[in-house]
Every structure is written in C-alpha cells, then in structure tokens.
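Engineer:
Residue numbers (full-length UniProt numbering): 1 to 380.
1. What did DSSP end up calling residue 319 once you bin it into helix, strand or coil?
2. Would you mind sorting residue 274 into buried or exposed? The rule is 16 or more other CB atoms within 10 Å of its CB.
3. Select from 128, 181, 185 the residue whose C-alpha is nearest the C-alpha of residue 157.
4. What is the residue span of the beta strand (DSSP E) that residue 147 lies within?
5. Say the cut is 7 Å; is the CB of residue 236 nearer than that to a heavy atom of the ligand FAD?
6. Which residue wins for smallest C-alpha separation from residue 9, given the options 199, 207, 50?
7. On a Cα-Cα basis, can you pick out the residue from 208, 113, 369 that is closest to residue 191?
8. Below 8 Å between beta carbons: does that hold for residue 89 and residue 155?
9. Going straight from the alpha carbon of residue 376 to that of residue 347, what length do you get?
10. At which residue ranges does the region 260 to 317 contain complete alpha helix (DSSP H) runs of 4 or more residues, listed in the order of the chain?
11. The alpha helix (DSSP H) spanning residue 92 covers which residue range?
12. Taking only three categories from DSSP, how would you classify residue 159?
13. Are the region 277 to 286 and the region 307 to 324 touching by the rule of at least three beta carbon pairs closer than 8 Å?
14. Can the beta-carbon of residue 215 be found less than 8 Å from the beta-carbon of residue 186?
15. To which residues of the same chain is residue 244 closer than 7 Å at the C-beta, ignoring the five residues directly before and after it?
Spelled out as structure tokens, the structure:
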C-alpha cells in the first residue's frame, strides 16, 4: 500500500510532461534511442509513492553521469520493439524480450508475457505448478496477473512488466551504493521469508530473478518455474528425494552439488548470500565463485573447486551433515585452508561481511531470511 495513496492525483500533467522532456533530452545526449513516454509511464504506473516516482524519473534522467552522489544510473538500452511485433493471445503488438529453458518472454505495454514453448515433461520445470504457486503469493513476489492459452495453444503467464533486473544493474560494472543494496535486499529477504514460511523453496535465486520497477527499486522476486511446493510438488519430488539439477551457475548451493536430495530452504539463502556478496564488492561487482557455462564439461567440478579455494574445503567438523550425503565432500579433492572473510572480501565493510558469513557457510547454521532481516546492515 502506498504511503501516499493519492499521490497520482496531485501530479499534474505539466509535471509529467516536463519529466518526459527531460528524459528525452538526456537520451538524445547519450545517443540512445528510448521511448521517454514509456520510461515515465512505467515510473507512474509502478511506483507506490511520489517519492518512488520522483526517484525513478531522476534515475532515468541521470543517464550515465557520475556525480559522486552514489545514484545508480538508469539502463538506457534501446526499448523493446526493435524486432517485429507479434500477437500473443488477445494482445497485439507484443515485442520479444528474452528466452529461457522453457519459455519466451514478450512485452505488451505494461505487461510481461511468459509464453511456454517447451511442453515436454522436463521436471523441475512445470508451468502449471508455477502458476498455482504464484497465485498463492503476494508482494514482494512478482504478482501473477492472469493466465491464458494463446492462438497457438501455448500456455501464457502475464505479469507486470519490470524494466530492469538486479542482473542489469550488476552488468553495468559500477559499484552499487550501500543504500541501494540495503533497500533491494530488504525486499529480497522479505520475499524469501514469505515463501519459506509456506514451505516453498525457490531453487533458482540469481540476479536475473530479481526484477526492479526502477533503478532504485522496489525489487520483486520472480522466476518460480522450478520452485518446490510441499503440497504441489510432493508427488513428483518427495521431500527427501528432490531433483538435484537446480540453480544457476555460481549461485548453486554446495549441498545440491554433493547430492543431498533432502535439501531445504537454506539453498535459497546460499544463493542470496552469494548474490549479496557480488553486489557489495568494490570497485566493481564480481561473483564470489566461478562457474563454467552449462554446456562446458566439468562446470559443476569447476564450481566446487572455486568454492573450496575461496572459503576453504569443508571438514567433518565444519560440515557434519555432509557425512550423510550421497557424495560426501571429504578426502576427494585437494584440501584448501579456510580463509577468514576479511581476507576473502577486504574491500567489503564489516557489517556486510557479518551477514555474508552467516549466509555463505556449509553447515546447518546458515541463517534464515527472517534472521537476515535483523542484521544491522539491513536495519540502518
């Protein structure tokens, strides 16, 4: 709920037009083709207060300037619509945005349409289950607006269109201000706390799954295509026999890598911790661990080696639960000594390192989302 529910009523047409003109001028200076009308209109529709609207418009106007203020410039990439317009069900003039394992995403004005193009049974991808899970959730999880079958009989999920992701911000290669990290991760951990209280495991926490309504947030948790639900998933994946082929690249949790099919919500917290670390690193964001692309041989072994080299090899003392895994991680690889976090992340402040250390750890002491929200670095 907006903290100023009537803020749109107080915003004059002249003020909106002035913002559009400023965005247009900045885009022209940057030599980038965008629709200033769409940029302003998204800020108007998606912001929950006048302050959020002003921040979104200011961020867009800021362009690529660096004035030392710590503001994150907007992504002035070309607007969707460079390709041919297509029809998706009742929606005309839809434009291709991106593709995933099972779906293609199109934009229609203020909506994102996720069109399921892979209909074979390739668990854990299950779009029908994804829709049922999304219908149970609320913000800051991405809201599901509707589902339908398009003219080709393909299943479609419709969401509010979000112009950015956390991945977009990271890809800029510029340091992210602590104030923005704090704001976004309060949203992220709030969403994780909400789904974990319901027994739901997201299983694919990564920067591209965090959608942003503007360069300054708010953030929404999305991409529930491989999520596990205690009732909806138990027939195909019993709690103690879950699928291991989950997660993406350097955000995959070690218990999954070593065959623990009884994993729980802690896999999401590992992913959130590695993602937080990436955001906090200076002078530019950088993943904590290295992972080869999926199509390359040995990508999983490469990630395991990177984890061990970065934070040290696990031992029976530091990870006693792993002794019962299908593939215990002991006495199998070269042993790397444990490294303190001030050595691993000397450029990161102690308050962030404290939270990272509580998230990126092997054993069952990994904190919950609710506990993370109480850390000083997120309460300042």
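All C-beta atoms in this analysis are idealised placements derived from N, C-alpha and C, irrespective of residue type, glycine included.
Structural biologist: Let's see:
1. Counted from its first residue, the chain shown places residue 319 at position 319. The answer is coil: DSSP assigns residue 319 none of H, G, I, E or B.
2. In the chain shown, counting from the first residue as 1, residue 274 sits at position 274. The residue is buried, with at least 16 neighbouring Cβ atoms inside 10 Å.
3. Stepping through the chain shown from its first residue, residue 157 is reached at position 157. If we check each option's Cα against that of residue 157, 128 comes out closest.
4. Position 147 of the chain shown holds residue 147. Unbroken beta strand (DSSP E) run through residue 147: 146 to 149.
5. With respect to small molecules bound, the structure shown includes none, and the ligand FAD cannot be examined in it.
6. The count along the chain shown starts at 1 and reaches residue 9 at position 9. The residue with the shortest Cα to Cα distance from residue 9 is 50.
7. Position 191 of the chain shown, counted from the start, is the residue given in the question as residue 191. Residue 369 is the option with its Cα nearest to residue 191.
8. By one-based count along the chain shown, residue 89 stands at place 89. By one-based count along the chain shown, residue 155 stands at place 155. Not closer than 8 Å, so no.
9. Taking the chain shown and counting its residues from 1, one reaches residue 376 at position 376. Taking the chain shown and counting its residues from 1, one reaches residue 347 at position 347. The straight-line gap from Cα to Cα measures roughly 18 Å.
10. 266 to 280, 299 to 311
11. Numbered from its first residue, the chain shown carries residue 92 at position 92. Per DSSP, residue 92 belongs to no alpha helix (DSSP H); it is in the beta strand (DSSP E), 91 to 99.
12. Locating residue 159 in the chain shown gives position 159, where the first residue counts as 1. Three-state DSSP puts residue 159 in a strand.
13. no
14. Walking along the chain shown from the start, residue 215 turns up at place 215. Walking along the chain shown from the start, residue 186 turns up at place 186. Not a contact, by the Cβ cut-off of 8 Å.
15. If you number the chain shown from 1, residue 244 lands on position 244. Cβ neighbours of residue 244 beyond the five flanking positions: 256, 259, 261.
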